[in-house]
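Going by UniProt numbering, the residue at position 39 of the sequence shown is 39; the numbering climbs one at a time, nothing skipped.
Each residue gets a CB set at the ideal place from its N, CA and C atoms; glycine is no exception.
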Amino acid sequence: MTPVESRIRAAPPDPSSGAASYSVFGLRLRSALPLPGLRPAPPSGAGGAEVVVRRGPVDAPGPASAYGIAGWPGDDADTIVWRRDTRLRITASDITVDTADDAFARQCVLGPGLGVLLHRRGRLVLHGSAVDVGGRAVVLVGDKGAGKSTTAAALVARGHRLLTDDLVALDEDAGGAAVLPGPTQMKLWSASASALGVETEPFMDGIDKGVWHGAAPAERAAPLALVCSLGWGERVALTPLAGGAAFGDVFGHVYAPRFLGAQAGAPLVGRVAGLLQGVRAGRLVRPRDLGAVDALAEAIETAVAA
């Protein structure tokens, strides 16, 4: 019998029993799994929660891939499986968690779980970080290791407030787009945490990252002013992007296709193009030396002020 087959699978509990209340991305959430990366909220009872995180069995069409993760989109729900014996079933109003590792499952819920749930609720979600700089939101996107969280943490260290890390959910209306406040935690590489002088908690075995709970969080949404695509260069420089270059740099970081495949991104092409009609975009490069992060933050401050 495999570990998955031998796991005791309890029936989903009443979400109002033994659950904690949180606020995230403008939603009221009740969770049977403690989620310290979210803002606590007054208890509302099961009937007052817009999203419920419950424990229970999750069946999946297959195992995780060689990369350690696999996702299956569905009409009623989406399923994601990790090799760490954790599975999520996600609808627009609930996340069912089937896990042998609560610490790892928390990160799965705070990342892919909420990201896919928000996608199902019609939000445009980007993989990145966002900071409130003088009342306006700066969104940082980029490939793995480009420094999204590090740059956001450098801005926080200069007195700005964290809007969200890893997931950026946008509230779009006729007046433009705003970034909704998300998780209050940040995930930083150990070298970044050392350079910024902050202490982190272990993230997961085998990954040189930690979780920082000390960032000052923004309490309300901020209008989106600037999207920065991060990369490497000989010196710190912020170059404006427009047209196809801006679209390519931003659309590549739409969140849902990372776990649900390209079909999840196809309906969002027009929305990203429309977003970039009213928001500035730029490519921000820096040397790999972490000593440049303060200059990076200054460049963003200058761009927002302009």
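- The C-beta separation of Pro-63 from Asp-98 comes to about 14 Å, leaving the pair out of contact by the 8 Å criterion.
- Using a Cβ distance threshold of 7 Å, Val-285 and Gly-231 count as a contacting pair.
- Comparing alpha carbon positions, the residue from Glu-199, Ala-49, Arg-106 closest to Gly-37 is Arg-106.
- When Lys-148, Gly-122, Leu-155 are compared, the shortest CA-CA separation from Gly-134 is found for Leu-155.
- Shortest Cα-Cα distance from Leu-167 to any of Ile-207, Pro-217, Leu-114 involves Leu-114.
- Here Thr-302 carries a helix assignment [DSSP, helix/strand/coil].
- Counting other Cβ atoms within 10 Å of its Cβ, Ala-100 stays below 16 and is therefore classed as exposed.
- Residue burial annotation: Asp-76 is exposed, with fewer than 16 other C-beta atoms found within 10 angstroms of its C-beta.
- Cβ neighbours of Tyr-22 within its own chain (closer than 7 Å, five residues either side excluded): Leu-29, Ser-31, Leu-35, Leu-38, Arg-39, Pro-40, Ala-41.
- For Ser-129, the uninterrupted beta strand (DSSP E) segment begins and ends at 124 to 133.
- The three-state reading of DSSP puts Lys-148 in helix, counting H, G and I together.
- By the criterion of at least three beta-carbon pairs nearer than 8 Å, the stretch 72 to 88 is in contact with the stretch 257 to 275.
- Along the length of the stretch 225 to 306, whole beta strand (DSSP E) runs at least 3 residues long occupy 237 to 241, 280 to 286, reported in chain order.
- Val-227 places its beta carbon 7 Å or farther from that of Ala-153.
- Asp-143 and Ala-19 have their C-alpha atoms some 36 Å from each other.
- In the DSSP annotation of this structure, Ala-216 is not part of any alpha helix (DSSP H), being labelled neither H nor E.
- Under DSSP, Gly-176 takes part in a beta bridge, and its partners are Asp-173.
- Excluding the 5 residues flanking it on each side, Leu-170 has same chain C-beta neighbours closer than 8 Å at Arg-123, Leu-124, Val-125, Leu-126, Ala-177, Ala-178, Val-179, Leu-180, Leu-224, Leu-275, in chain order.
- In the DSSP assignment, the residues bridged to Arg-87 are Val-81, Asp-98.
- Rounded to whole angstroms, the separation of the alpha carbons of Met-204 and Ser-129 is 20 Å.
- In the assembly as shown, Pro-267 is an exposed residue. Its beta-carbon has fewer than 16 other beta-carbons within 10 Å.
- The stretch 212 to 219 makes contact with the stretch 156 to 164, as at least three CB pairs between them are under 8 Å.
- With at least 16 other beta carbons inside 10 angstroms of its own, Pro-257 counts as buried.
- Non-local beta-carbon contacts of Gly-111 in its own chain, meaning distances under 8 Å to residues more than five positions away in sequence, involve Asp-166, Leu-167 in chain order.
- In terms of Cβ geometry, His-253 and Val-131 do not form a close pair [threshold 7 Å].
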